[in-house]
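Structure first, commentary second.
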Amino acid sequence: MGSVIQSSLGTPNIISIAFFIVFITLTLGITYWAALRTRTTREYYAAGRSITGFQNGLALAGDYMSAASFLGIAGMVSTKGFDGLIYSVGWLVGWPIIMFLIAEPLRNLGKFTFADVLAYRLQQKPIRIAASIGALTTVIFYLIAQMVGAGTLVKLMFGMTFEYAVIGVGIVMIIYVLFGGMLATTWVQIIKAVLLLGGATVIVVLVLSKYGFSPVALFDAAAIKYGDAVLAPGTLITNPWDALSLGLALMFGTAGLPHILMRFYTVPDAKEARKSVFYATGFIGYFYILTSIIGFGAMVLVGREAILAIDKGGNMAAPLLAEAVGGTPFLGFIAAVAFATILAVVAGLTLAGASTLSHDLYVSVIRNGQASEADEVRVAKIATLFLGALAVLLGISFKGQNVAFMVGLAFAVAASGNFPALLLSITWGGFTTAGAVASILVGTVLAVVLIIISPTVWVEVLKNPVALFPLKNPALISMGAAFLVGYLVSLLTHEEDAARKFEEEKLRTYLGVGSE
Amino acid sequence: MHSENMRNLLNSKEFKSLVRQRLWMSISLTIAMLATYFGFIGVLAFNKEILVQKIGEHVTLGIPVGVGVILVAWLLTGIYVVWANNYYDNVVAGMKKKLGES
Chain A
6 MGSVIQSSLG
16 TPNIISIAFF
26 IVFITLTLGI
36 TYWAALRTRT
46 TREYYAAGRS
56 ITGFQNGLAL
66 AGDYMSAASF
76 LGIAGMVSTK
86 GFDGLIYSVG
96 WLVGWPIIMF
106 LIAEPLRNLG
116 KFTFADVLAY
126 RLQQKPIRIA
136 ASIGALTTVI
146 FYLIAQMVGA
156 GTLVKLMFGM
166 TFEYAVIGVG
176 IVMIIYVLFG
186 GMLATTWVQI
196 IKAVLLLGGA
206 TVIVVLVLSK
216 YGFSPVALFD
226 AAAIKYGDAV
236 LAPGTLITNP
246 WDALSLGLAL
256 MFGTAGLPHI
266 LMRFYTVPDA
276 KEARKSVFYA
286 TGFIGYFYIL
296 TSIIGFGAMV
306 LVGREAILAI
316 DKGGNMAAPL
326 LAEAVGGTPF
336 LGFIAAVAFA
346 TILAVVAGLT
356 LAGASTLSHD
366 LYVSVIRNGQ
376 ASEADEVRVA
386 KIATLFLGAL
396 AVLLGISFKG
406 QNVAFMVGLA
416 FAVAASGNFP
426 ALLLSITWGG
436 FTTAGAVASI
446 LVGTVLAVVL
456 IIISPTVWVE
466 VLKNPVALFP
476 LKNPALISMG
486 AAFLVGYLVS
496 LLTHEEDAAR
506 KFEEEKLRTY
516 LGVGSE
Chain B
408 MHSENMRNLL
418 NSKEFKSLVR
428 QRLWMSISLT
438 IAMLATYFGF
448 IGVLAFNKEI
458 LVQKIGEHVT
468 LGIPVGVGVI
478 LVAWLLTGIY
488 VVWANNYYDN
498 VVAGMKKKLG
508 ES
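Going down the list, the sequences are from chains A and B. The first sequence begins at 6 in the working numbering and counts up by one. The second sequence begins at 408 in the working numbering and counts up by one.
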């Protein structure tokens with residue numbers, strides 16, 4: 006043990022550059038094709054509602070399967086064993102919730118953003134402003150985590166400077182979103198999802214071929230090399246309250262992520278929206294099973310010592326395994342796929358943020374809903390440039406810092422700020438504007454403040470000895486408070502108009518009558 | 408749009424029962440998902456010996472159960488899709504037809 010394997014990781018690799026150039030050329034070609042078909046707001050934000058359920062399932066899965074989850078979960082399984090599998094399961098369970106509670110009413114009631122659903126029966130201005138605060142907070146934290154991850158991963162894989170990597174990702178991503186809108190972003194996402202699922206499948210087949218295609222034989226090999234403990238739960242779940250709170254954030258946060266919710270407007274109707282969640286859940290579940298096998302494969306075939314020697318977080322387990330089973334060319338392919346993944350995810354996030362700035366804030370608040378199509382698209386493009394530049398700046402300024410908590414925070418804000426108001430608005434006629442605004446603000450502010458004083462930031466990032474708030478993820482408190490405040494404030498502020506519209510919108514919610 | 412037709416439909420027993428059925432379906436499937444996941448987490452937190460049990464030479468019960476939670480999540484979305492495609496959509500289509508005719 007302790008022998009560090011020779012790896013070409015971190016040096017520019019001709020094959021990965023070749024694959025990468027093919028990917029960039031193909032996606033820029035698609036962007037050009039999409040740009041010719043992107044004029045109206047319907048086309049810019051929602052790909053003209055031309056995406057099928059199956060395609061949207063792949064695109065949703067693409068949005069969710071980030072490079073961080075591919076490399077991070079494989080790394081976690083390779084270094085911690087079964088605990089990595091437990092961790093990955095948590096990321097899937099939010100998908101059925103989206104289908105059961107949100108997808109169809111969202112598609113039937115809204116136009117481009119989830120704030121549309123709230124604004125359908127509540128007062129435009131206050132609700133759009135509040136919903137934008139929730140949406141932008143979620144998107145920006147998610148974006149920072151992705152950008153910093155992008156710089157770090159590209160540096161590890163290609164040996165490129167962090168700043169250049171972040172700027173490069175920023176420029177390509179802005180081109181996709183700026184010119185190709187949702188149509189280009191969706192197809193980039195679909196291609197990347199197919200490449201990622203295909204690449205991961207090939208790694209798994211190559212690994213299992215060494216074990217007579219028996220996963221059990223692979224698990225046995227892992228247990229023989231590192232002890233039976235790698236196949237048993239370890240220290241991931243020690244405090245049940247922490248596990249419950251994180252579980253709630255993952256489960257209900259997924260249903261409050263603006264870039265995920267926005268995808269439901271790209272399909273023609275509620276039936277396709279429903280089908281797309283079924284496909285997405287299948288693809289993501291399959292992906293997590295693959296990632297776990299890749300983790301165990303890396304544990305046995307690469308070895309924990311070699312993985313941890315290259316990166317303390319274990320993030321290079323999957324690329325190292327690809328090299329071990331498929332040689333340098335295959336490493337090149339997987340590295341290019343990981344880079345493509347980063348690009349696609351940040352493009353989706355940027356578009357979601359831009360639609361909030363333009364559709365929710367500029368058109369509905371600043372212009373009182375009076376803006377021409379061309380004007381709205383123009384502002385959405387300016388917002389894209391602004392957010393893209395902001396993402397690059399934030400990515401660079403958070404260089405070298407521990408930003409892993411930001412994804413957890415994004416989920417906590419989504420579960421606390423966005424999800425309760427969305428669910429109450431769809432299901433409860435007594436919900437009022439004041440209740441919704443209070444719920445969104447309390448949920449968002451509480452999630453952010455509590456995570457700052459939690460062990461995750463207060464102790465691990467700010468290096469204080471004791472946390473002021475005990476839970477690592479605040480969702481249990483912040484989501485609970487958002488529901489409670491939304492309910493109580495609505496009881497205190499009767500809103501005749503909102504209650505009447507709730508009755509009227511039922512035909513649209515349940516039958517899709519009048520949906521756009 | 409015939410607003411009187413819409414009002415009649417909104418107040419009809421048929422429509423109210425459809426809304427109730429969908430709510431029932433949504434809530435029971437959500438509870439099934441919550442119970443599956445938090446059941447899994449609960450066993451891990453309070454009684455993980457169950458999942459440490461060996462079912463093969465080295466493989467623990469935890470591995471198939473973990474993969475099982477992923478499969479259950481997908482299966483539940485499948486149940487909903489089958490119900491909605493075969494039952495819900497038909498009722499909706501019938502109601503829309505009525506709305507258009509009269």
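Even for Gly, the Cβ is constructed at its ideal location relative to N, Cα and C.
query = Quick one: which chain A residues come within Cβ less than 7 Å of B:ILE477?
reply = Taking the second sequence and counting its residues from 1, the one referred to as residue 477 of chain B is at position 70. Correct list: VAL94, LEU97, GLY290, TYR293 and ILE294.
request  = Using the Cα positions of B:SER433 and A:GLY62, report the straight-line distance between them to the nearest angstrom.
outcome  = Your numbering for residue 433 of chain B matches position 26 in the second sequence. Your numbering for residue 62 of chain A matches position 57 in the first sequence. Here the alpha carbon of B:SER433 sits roughly 20 Å from the alpha carbon of A:GLY62.
request  = Report the neighbours of A:ASP502 on chain E: residues whose CB is nearer than 7 Å to its CB, in chain order.
outcome  = In the displayed structure, chain E is absent; the protein chains listed are A and B.
inquiry  = Taking DSSP's pairing of strands, which residues face B:LYS461 in a bridge?
reply    = Indexing the second sequence from 1 puts residue 461 of chain B at position 54. BP columns for B:LYS461 point to B:THR467.
task = Determine the contact status of A:VAL193 and A:THR30, defining contact as a CB-CB distance below 8 Å.
result = The count along the first sequence starts at 1 and reaches residue 193 of chain A at position 188. The count along the first sequence starts at 1 and reaches residue 30 of chain A at position 25. In terms of Cβ geometry, A:VAL193 and A:THR30 do not form a close pair [threshold 8 Å].
key: Contact between the segment 124-143 of chain A and the segment 437-449 of chain A (3+ Cβ pairs under 8 Å)   = Contact holds: three or more Cβ-Cβ distances are below 8 Å.
ask   = Going by beta carbon distance, what residues of the same chain come within less than 8 Å of B:LEU436, once the five residues before and after it are set aside?
value = Residue numbering aside, residue 436 of chain B sits at position 29 when the second sequence is read from its first letter. Here the set comprises LEU483, ILE486 and TYR487.
query = What residues from chain B crowd round A:TYR216, counting only those whose CB sits closer than 8 Å?
reply = Locating residue 216 of chain A in the first sequence gives position 211, where the first residue counts as 1. Ordered by position in chain B, no residue passes the 8 Å Cβ test against A:TYR216, which lies about 13 Å from the chain.
inquiry  = Quick check on the DSSP output: the alpha helix (DSSP H) that includes B:ARG429 runs from which residue to which?
reply    = Translated into the one-based positions of the second sequence, residue 429 of chain B becomes position 22. Run containing B:ARG429: 420-453, per the alpha helix (DSSP H) assignment.
message = Considering only the alpha carbon of each residue, which of A:ASN113, A:LEU223 and A:ALA441 lies closest to A:VAL272?
response = Residue 272 of chain A sits at position 267 when you count from the first residue of the first sequence. The shortest C-alpha separation from A:VAL272 is found at A:ASN113.
B:ALA480: contacting residues in chain A (beta-carbon distance under 7 Å) = In the second sequence, the residue the question calls residue 480 of chain B occupies position 73. Chain A residues near B:ALA480: LEU97, VAL98, TRP100, PRO101, THR286 and GLY290.
message = Is the separation between the beta-carbon of A:PHE36 and that of A:ILE180 shorter than 8 Å?
response = Against the first sequence, residue 36 of chain A aligns to sequence position 31. Against the first sequence, residue 180 of chain A aligns to sequence position 175. For clarity, residue 36 of chain A is Thr in the given sequence; the question names Phe instead. Taking 8 Å as the Cβ cut-off, A:THR36 and A:ILE180 qualify as a contacting pair.
ask   = Below 8 Å between beta carbons: does that hold for A:GLY154 and A:VAL171?
value = Here residue 154 of chain A refers to the residue found at position 149 when the first sequence is read from its first residue. Here residue 171 of chain A refers to the residue found at position 166 when the first sequence is read from its first residue. No, the Cβ-Cβ distance between A:GLY154 and A:VAL171 is not below 8 Å.
Any beta strand (DSSP E) of 3 or more consecutive residues that is wholly inside the segment 215-264 of chain A = Listed in chain order, there is nothing to give.
message = In this structure, how does DSSP classify A:GLN375 when only helix, strand and coil are distinguished?
response = Here the question's residue 375 of chain A lines up with position 370 in the first sequence. The DSSP-derived three-state label of A:GLN375 is coil.
ask   = If we ignore side chains and look at the alpha-carbon of each, how far apart do B:TRP431 and A:THR286 end up?
value = Start at 1 with the first residue of the second sequence, and residue 431 of chain B comes out as number 24. Start at 1 with the first residue of the first sequence, and residue 286 of chain A comes out as number 281. Cα to Cα, B:TRP431 sits roughly 22 Å from A:THR286.
Exposed unless 16 or more other CB atoms sit within 10 angstroms - verdict on A:ALA311 = In the first sequence, residue 311 of chain A corresponds to position 306, counting from 1. Result: buried.
ask   = CB A:PHE269 to CB A:ALA260, shorter than 8 Å?
value = Stepping through the first sequence from its first residue, residue 269 of chain A is reached at position 264. Stepping through the first sequence from its first residue, residue 260 of chain A is reached at position 255. Note that the C-beta distance between A:PHE269 and A:ALA260 is not below 8 Å.
query = Which word fits A:PHE344, buried or exposed, when buried means at least 16 other C-beta atoms lie within 10 angstroms of its C-beta?
reply = Residue numbering aside, residue 344 of chain A sits at position 339 when the first sequence is read from its first letter. Burial check for A:PHE344: the Cβ neighbour count within 10 Å reaches 16 or more, so the residue is buried.
request  = List the endpoints of the continuous alpha helix (DSSP H) containing A:VAL408.
outcome  = Residue mapping note: residue 408 of chain A aligns to position 403 of the first sequence, counting from 1. Going by DSSP, A:VAL408 is part of no alpha helix (DSSP H) at all; its letter is neither H nor E.
Selected residue, minimal CA-CA separation from A:PHE288, among A:TRP96, A:PRO479 and A:LYS468 = In the first sequence, residue 288 of chain A corresponds to position 283, counting from 1. Ranking the options by Cα distance to A:PHE288, first place goes to A:TRP96.
inquiry  = Quick check: the Cα distance between A:LEU183 and A:GLY53, rounded to an integer number of angstroms?
reply    = Position 178 of the first sequence, counted from the start, is the residue given in the question as residue 183 of chain A. Position 48 of the first sequence, counted from the start, is the residue given in the question as residue 53 of chain A. If you take the alpha carbons of A:LEU183 and A:GLY53, they lie about 16 Å apart.
request  = Name the residue from A:LYS280, A:LYS276, A:ALA323 and A:TYR284 whose alpha carbon lies nearest to the alpha carbon of A:SER297.
outcome  = Here residue 297 of chain A is taken as the residue at index 292 of the first sequence, counted from 1. The shortest Cα separation from A:SER297 among A:LYS280, A:LYS276, A:ALA323 and A:TYR284 belongs to A:ALA323.
task = Could you tell me whether the segment 235-247 of chain A touches the segment 464-473 of chain A, using the rule of 3 or more Cβ pairs below 8 Å?
result = The way I'd put it, the segment 235-247 of chain A doesn't touch the segment 464-473 of chain A; fewer than three beta-carbon pairs between them come closer than 8 Å.
key: Listed by chain order, chain B residues near A:ARG513 by CB distance under 9 Å   = Mapped onto the first sequence, residue 513 of chain A falls at position 508. Those do not exist, as A:ARG513 stays about 10 Å from chain B at its closest Cβ, beyond 9 Å.
key: Helix, strand or coil at A:GLN129 according to DSSP, with G and I counted as helix   = Counted from its first residue, the first sequence places residue 129 of chain A at position 124. Residue state for A:GLN129 is assigned as helix, using DSSP reduced to three classes.
task = For my contact list, A:GLY393 and A:THR355 are in at a C-beta cut-off of 8 Å; report their separation, rounded to the angstrom.
result = The residue labelled residue 393 of chain A in the question sits at position 388 within the first sequence. The residue labelled residue 355 of chain A in the question sits at position 350 within the first sequence. The beta carbons of A:GLY393 and A:THR355 sit about 6 Å from each other, so the pair counts as a contact at 8 Å.
query = Rounded C-beta distance between B:ALA452 and A:ALA234? I'm assuming under 8 Å.
reply = Your numbering for residue 452 of chain B matches position 45 in the second sequence. Your numbering for residue 234 of chain A matches position 229 in the first sequence. Not quite, the Cβ-Cβ distance comes to about 18 Å (not below 8 Å), so this is no contact.
query = Given A:LEU390, which residues of its chain have a CB within under 7 Å of its CB, disregarding the five upstream and five downstream residues?
reply = On the first sequence, position 385 is the one that residue 390 of chain A refers to. Correct list, in chain order: ILE179 and LEU183.
request  = Measure the CB-CB distance between A:LEU451 and A:PRO479 and report whether it falls below 8 Å.
outcome  = Residue mapping note: residue 451 of chain A aligns to position 446 of the first sequence, counting from 1. Residue mapping note: residue 479 of chain A aligns to position 474 of the first sequence, counting from 1. The answer is yes: Cβ separation under 8 Å.
inquiry  = Assuming contact is defined by CB atoms lying nearer than 8 Å, are B:ARG427 and A:TYR515 in contact in what I supplied?
reply    = Here residue 427 of chain B is taken as the residue at index 20 of the second sequence, counted from 1. Here residue 515 of chain A is taken as the residue at index 510 of the first sequence, counted from 1. Contact: no.
ask   = Can you tell me whether DSSP reads A:GLY34 as helix, strand or coil?
value = One-based indexing of the first sequence puts residue 34 of chain A at position 29. In the structure shown, A:GLY34 sits in a helix (DSSP, three-state: H, G or I).
task = Less than 8 Å between the CB atoms is what I'm expecting for A:GLU500 and A:THR438, so what's the real figure, rounded?
result = As a working note, residue 500 of chain A is residue 495 in the first sequence. As a working note, residue 438 of chain A is residue 433 in the first sequence. For A:GLU500 against A:THR438, the beta-carbon gap comes to about 6 Å, under 8 Å, which counts as contact.
Alpha-carbon spacing of A:ALA504 relative to B:ASN418, whole angstroms = What you label residue 504 of chain A is simply residue 499 of the first sequence in a count that begins at 1. What you label residue 418 of chain B is simply residue 11 of the second sequence in a count that begins at 1. Looking at the backbone, the Cα of A:ALA504 and that of B:ASN418 are separated by about 15 Å.
ask   = Checking contacts by CB at 8 Å: is B:SER419 closer than that to chain A?
value = The residue given as residue 419 of chain B occupies position 12 in the second sequence. No, B:SER419 does not count as interfacial toward chain A.
key: C-beta contact flag for A:LEU201 and A:THR346 at 8 Å   = Translated into the one-based positions of the first sequence, residue 201 of chain A becomes position 196. Translated into the one-based positions of the first sequence, residue 346 of chain A becomes position 341. In this structure, A:THR346 lies closer than 8 Å to A:LEU201 by Cβ.
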